[in-house]
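**Q** Going by my numbering, the residue at position 135 of the sequence shown is 137; the numbering climbs one at a time, nothing skipped.
Heads up, the beta-carbon is just placed ideally off N, CA and C, and yes, glycines get one too.
In this text, all values refer to a predicted model and were calculated from it rather than measured experimentally.
Quick one: structure below, then a few questions.
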Amino acid sequence: MARKAPTDDPGDENLRVGPAKDWAAGVPAVTVAMRDAVNQMGVKRSAETLLRLNQKKGFDCPGCAWPEADKRHIAEFCENGAKAVAEEATLRRITPEFFAEHSVAELAERSGYWLGQQGRLTTPMLLDAGAEHYRPVTWDEAFGLIADELRGLDSPDEAVFYTSGRTSNEAAFLYQTFVRAFGTNNLPDCSNMCHESSGSALTETLGVGKGSVSLADLGKADLILVVGQNPGTNHPRMLSALEKAKRGGTRITAVNPLPEAGLLRFKNPQNPSGVVGHGTPLADRFLQIKVGGDLALFRAFGKLLLEAEDAAPGTVLDHSFIDTFTHGFDDYAKAARATDWPEILDATGLTREEIQAAFEEVRDSKRLIVCWAMGLTQHKHAVPTIREVVNVLLLGGHVGRPGAGVCPVRGHSNVQGDRTMGIYEKPKDAFLDAMSAEFGVPMPREHGFDTVDAIRAMRDGRAKVFFAMGGNFVAATPDTDVTEAALRGTALTVQVSTKLNRSHVVPGRRALILPTLGRTETDQQGGQEQFVTVEDSMGLVHASRGRLAPASEALLSEVAIIARLAGTVLGPEHPVPWEELAADYDRIRDRIERVIPGFEQFNTRVRRGSGFALPHAPRDSRTFPTTTGKANFTANEFEAPTVPEGRLLLQTIRSHDQYNTTIYGLDDRYRGIHAGRRVVFVNPDDLKALGIRDAAMVDLVSEWTDGTERRAPEFRVVAYDTARGCAAAYFPETNVLVPLDSTAEISNTPTSKAIVVRLEAAL
Ligand SMILES: Nc1nc2c(c(=O)[nH]1)N[C@H]1C(S)=C(S)[C@@H](COP(=O)(O)OP(=O)(O)OC[C@H]3O[C@@H](n4cnc5c(=O)[nH]c(N)nc54)[C@H](O)[C@@H]3O)O[C@H]1N2
Ligand SMILES: Nc1nc2c(c(=O)[nH]1)N[C@H]1C(S)=C(S)[C@@H](COP(=O)(O)OP(=O)(O)OC[C@H]3O[C@@H](n4cnc5c(=O)[nH]c(N)nc54)[C@H](O)[C@@H]3O)O[C@H]1N2
Ligand SMILES: [Mo]
3 MARKAPTDDP
13 GDENLRVGPA
23 KDWAAGVPAV
33 TVAMRDAVNQ
43 MGVKRSAETL
53 LRLNQKKGFD
63 CPGCAWPEAD
73 KRHIAEFCEN
83 GAKAVAEEAT
93 LRRITPEFFA
103 EHSVAELAER
113 SGYWLGQQGR
123 LTTPMLLDAG
133 AEHYRPVTWD
143 EAFGLIADEL
153 RGLDSPDEAV
163 FYTSGRTSNE
173 AAFLYQTFVR
183 AFGTNNLPDC
193 SNMCHESSGS
203 ALTETLGVGK
213 GSVSLADLGK
223 ADLILVVGQN
233 PGTNHPRMLS
243 ALEKAKRGGT
253 RITAVNPLPE
263 AGLLRFKNPQ
273 NPSGVVGHGT
283 PLADRFLQIK
293 VGGDLALFRA
303 FGKLLLEAED
313 AAPGTVLDHS
323 FIDTFTHGFD
333 DYAKAARATD
343 WPEILDATGL
353 TREEIQAAFE
363 EVRDSKRLIV
373 CWAMGLTQHK
383 HAVPTIREVV
393 NVLLLGGHVG
403 RPGAGVCPVR
413 GHSNVQGDRT
423 MGIYEKPKDA
433 FLDAMSAEFG
443 VPMPREHGFD
453 TVDAIRAMRD
463 GRAKVFFAMG
473 GNFVAATPDT
483 DVTEAALRGT
493 ALTVQVSTKL
503 NRSHVVPGRR
513 ALILPTLGRT
523 ETDQQGGQEQ
533 FVTVEDSMGL
543 VHASRGRLAP
553 ASEALLSEVA
563 IIARLAGTVL
573 GPEHPVPWEE
583 LAADYDRIRD
593 RIERVIPGFE
603 QFNTRVRRGS
613 GFALPHAPRD
623 SRTFPTTTGK
633 ANFTANEFEA
643 PTVPEGRLLL
653 QTIRSHDQYN
663 TTIYGLDDRY
673 RGIHAGRRVV
683 FVNPDDLKAL
693 GIRDAAMVDL
703 VSEWTDGTER
713 RAPEFRVVAY
723 DTARGCAAAY
733 FPETNVLVPL
743 DSTAEISNTP
753 TSKAIVVRLE
763 AAL
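Structural data, given as structure tokens:
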């Protein structure tokens, strides 16, 4: 009963631009969700699948990492969660005949959208050296071949093991065990391109690289700042939480160069009164900040708070918190006071009045939460920007108090859990010691490659085998031409995947595709049905159980793939009992419990209700495990992007119809874009100043400090309400523009949100 995929590969020939919307969700969202689901799965399967989504006995949505409320709604999913599920639970299948029919060269000409539309991968496939087509192989052959390549390396550090954030805790834990037992810490992950800057800044200032608020806190806040985030598209269930908070009196300020639909107005499809009329206005205040201006804004808040305290001593700052729990106040205060208004206004593009009004709400809030996502993390000065956010929160004592705290909103559904499980290229010694003690094998101590360093190593011939546990490495990473050449230069690429993507058609000398189970599917091991666990953006760990029959009988779970590979590479005498662990995931959880703090009685607690919360010292007890033992204020250098005359600062974002590199469809209806993706949003006044017409066709040319240029051809200009001097376009199409060396200080995250470009008339 496999469904046929469309054979055509539509380009942008039907691109239409209409008005942008000022509200999100509501009835159209639900109908669109159902339409996509039914197209991929049919009516019966759609209903059965979507009703299990995010339920206590169901599976965790493979979409975003936003937590579920304890009281579940019967349809606890959003439009984009439904699309993520439809993408995985599709009835379309890719069989060996498909690869016989399409050469790799031909597939490399197809769009990412078309590749994804072909359906689920069903059979392990090998591309031999020099071959034009993938051919089917057995699992044993595949593992044997990987083992030969790995054992033939001069050093384990010549292999790179990437992870994307859908991998379960159990698979992630076993994977890093294998990689380290093999002998390397080369464990880059999607987090390196995502919230690494948040982790870096929060670990240094608060001692824990994760968010400090729970869902309940949102409802208790006086004020929530939503900064650099587009929840209407990327975390739609967050809108329900914001709406609820608002009804209880919480005020919301949005800080964004774009007036994103969901932030302005929201219609709740799960609430009968929310689906008619204009919905709830969500943000009470909108600061249309310039791209990269947030460090300046938070610096201004800090400066104004200090000055207000001077004017009325003892009434503004939380002195008892600052005195008891923090370090570095004086240096920070000095830096904040010294910042000049002209540089703040220039960097933010806001008026003094706008900042003053927003500040007064910050000052008057006893409980303040700051939420953020990629608008803060993907900048050169992302880490100092997030440190400035922390400075403002510390001034008011907003950490470790109900209704207050830091809320980095994570992307992939288990990206936070993967890091907890040890998917990290710079592991702490305490973790490695615990691993060695548990498994009786030595652990490598030298730090490994993150994503950008892994590309450099492959480019320079220092890394020769690339193994990916999920994701779409070549499409997600910067500097597409450099990255693709780097991958092609390796001896072997291995992709453990559910769906076909660009990374399968940019092979090393040899390439393997290993098809795996998704979240929605049942996982049988050792004659028993298994479940996995995940950790959401707020540190809650819970179980996820798939219910659908696997897309093909040949699929192995990620856990089984790792165990069989480890057995083949490391041999039968190895002290880690790989097969035994894979036969019963409870045994993996027992090991996790013994290695990672916070997982006491893991198997018992995860079977109860909706799981359990991991400890978070700053939140739970105002204990700050930093180098000073206190929460650290930081005196950051004032930074903002500089853009030469006649150039724009381009940010690369997600459309409403995509999940990272997975393109669900060609619309971005909240922004008024239909049937195409190659658009660049520019402020009408900038267009006038540049002498470019709305709807003109342009090439985007990025200019890098070393004098090199990169070009993304043929984008249609869309006059749009974005901050002056800024532009926006979708990734992955624009990744060619991001230089590999353009990364954030400290976190090494590609600067995907700040690329200096000029627009050139397309030939
Ligand atoms: N449906 C769907 N859901 C997803 C994803 C998806 O692709 N599709 N991806 C998942 C993943 S991995 C992640 S990380 C998250 C991403 O979630 P988001 O971070 O919301 O994703 P982006 O599309 O990158 O949007 C960045 C937002 O920041 C704003 N912004 C850009 N630069 C700046 C700046 O300098 N300052 C400020 N204040 N704002 C700025 C942009 O205008 C935009 O609103 O979503 C997750 N959820
Ligand atoms: N220019 C620019 N670049 C960016 C960003 C940006 O904002 N701008 N955002 C960055 C961010 S935040 C992120 S997180 C990265 C995302 O980078 P990745 O995580 O590498 O990319 P995805 O597109 O999420 O990966 C999709 C693929 O994962 C596979 N997959 C899906 N589910 C499963 C599963 O359950 N198991 C396995 N094994 N495979 C599965 C499918 O084959 C699918 O094709 O991209 C980054 N790149
Ligand atoms: Mo992400």
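With distance defined between alpha-carbon atoms, name the residue in R339, I226, G330 nearest to L284.
**A** Here the closest residue by C-alpha is I226.
**Q** Jot down the residue ranges of each uninterrupted alpha helix (DSSP H) in the region 589 to 666, minimum 4 residues, whole runs only, in chain order.
**A** The region 589 to 666 contains these whole alpha helix (DSSP H) runs: 604 to 607, 619 to 623.
**Q** Less than 8 Å between the CB of M376 and some heavy atom of ligand 1, yes or no?
**A** Yes.
**Q** Sorry if obvious, but does the Cβ on R685 come closer than 8 Å to a heavy atom of ligand 1?
**A** Before going on, a small fix: residue 685 reads as Asn here, not Arg. Not under cutoff, so the answer is no.
**Q** For the beta strand (DSSP E) containing I495, list its first residue and its last residue.
**A** According to the sequence shown, residue 495 is Thr rather than Ile. Counting along the chain, the beta strand (DSSP E) containing T495 begins and ends at 494 to 499.
**Q** Considering only residues of the same chain and omitting the five flanking positions on each side of V278, which have a CB-CB separation below 7 Å?
**A** For V278, the predicted structure reports a pLDDT of 43, less than 50, and the residue's modelled location is therefore unreliable. A value from the coordinates is still provided. Around V278: no qualifying Cβ.
**Q** Once the 5 residues before and after S105 are set aside, which same chain residues still bring their CB inside 8 Å of it?
**A** E134, H135, listed in sequence order.
**Q** With D525 as the anchor, note down where its beta strand (DSSP E) starts and where it stops.
**A** It spans 525 to 527 - the beta strand (DSSP E) in which D525 sits, taken as one unbroken run.
**Q** Looking at V703 and V2, is the spacing between their C-beta atoms short of 9 Å?
**A** Given a span of 3 to 765 for the chain in the structure shown, any question on residue 2 remains unanswerable.
**Q** Following a CB-centred definition, is N82 positioned closer than 8 Å to any heavy atom of ligand 3?
**A** No, since every heavy atom of ligand 3 falls outside the 8 Å radius drawn around the Cβ of N82.
**Q** What is the residue span of the beta strand (DSSP E) that D701 lies within?
**A** From DSSP, the beta strand (DSSP E) with D701 extends over 699 to 705.
**Q** Given that a residue counts as buried once 16 or more other Cβ atoms are within 10 Å of its Cβ, and exposed if not, what is A302?
**A** Classification of A302: buried, given that the 10 Å Cβ count is 16 or more.
**Q** Taking buried to mean at least 16 other C-beta atoms within 10 Å of its own C-beta, is H383 buried or exposed?
**A** It counts as buried.
**Q** Could you pull the start and end residues of the alpha helix (DSSP H) that H506 belongs to?
**A** Note, H506: premise wrong, no alpha helix (DSSP H); not H, not E.
**Q** Please report the distance separating the alpha-carbon of A22 from that of L307.
**A** Each residue's alpha carbon lies about 37 Å from the other.
**Q** For E762, does the three-state DSSP call read helix, strand or coil?
**A** Here E762 sits in strand by DSSP.
**Q** A459 and F469 look like a contact to me (Cβ under 8 Å); what is the Cβ gap, rounded to whole Å?
**A** About 14 Å; that fails the 8 Å criterion.
**Q** How long is the line joining the alpha carbons of I590 and E172, rounded to whole angstroms?
**A** Whole-angstrom Cα-Cα distance: 6 Å.
**Q** Starting from G264, follow the alpha helix (DSSP H) in both directions and report where the run begins and ends.
**A** Start and end: 263 to 266.
**Q** Rounded to whole angstroms, how far is the Cβ of F100 from the Cβ of Q120, which I believe are closer than 8 Å?
**A** Between Q120 and F100 the Cβ distance is about 7 Å, and since that is below 8 Å, they are a contact.
**Q** Under three-state DSSP, which class holds T745?
**A** Strand, per DSSP.
**Q** Can you give me the C-alpha to C-alpha distance between L244 and E15, rounded to a whole angstrom?
**A** Going by the C-alpha atoms only, they are around 38 Å apart.
**Q** Per DSSP, which one or two residues make a beta bridge with V536?
**A** According to DSSP, which records beta bridges pairwise, V536 is partnered with H544.
**Q** Please find out if some non-hydrogen atom of ligand 2 comes closer than 8 Å to the beta-carbon of P12.
**A** Because no heavy atom of ligand 2 lies under 8 Å away, the Cβ of P12 does not count as near it: no.
**Q** For the 8 Å Cβ check, are there 3 or more pairs between the region 471 to 486 and the region 502 to 515?
**A** In short, these stretches touch, since the Cβ pair count reaches three.
**Q** In chain order, what residues of the same chain lie with their CB nearer than 8 Å to the CB of A487, ignoring the 5 residues before and after it?
**A** R461.
**Q** Please list the segments of the alpha helix (DSSP H) lying wholly inside the region 86 to 128, counting only runs of 4 or more residues, in order along the chain.
**A** Counting whole runs of 4 or more residues, the region 86 to 128 contains the alpha helix (DSSP H) stretches 98 to 103, 106 to 110, 114 to 119.
**Q** Across the region 620 to 627 and the region 204 to 222, are there enough close Cβ pairs to call them in contact, namely three or more that are closer than 8 Å?
**A** Yes, they touch.
**Q** What residue range is occupied by the uninterrupted alpha helix (DSSP H) comprising F300?
**A** Where F300 is concerned, the enclosing alpha helix (DSSP H) stretches over 296 to 313.
**Q** Looking at the unbroken beta strand (DSSP E) that takes in I515, where does it start and where does it end?
**A** It spans 512 to 517 - the beta strand (DSSP E) in which I515 sits, taken as one unbroken run.
**Q** Would you mind sorting H414 into buried or exposed? The rule is 16 or more other CB atoms within 10 Å of its CB.
**A** That one is buried.
**Q** Output yes or no for whether 9 Å exceeds the beta carbon distance between E356 and R253.
**A** Result no, Cβ atoms of E356 and R253 do not sit closer than 9 Å.
**Q** Determine the DSSP secondary structure at D191, reduced to helix, strand or coil.
**A** Three-state DSSP puts D191 in a strand.
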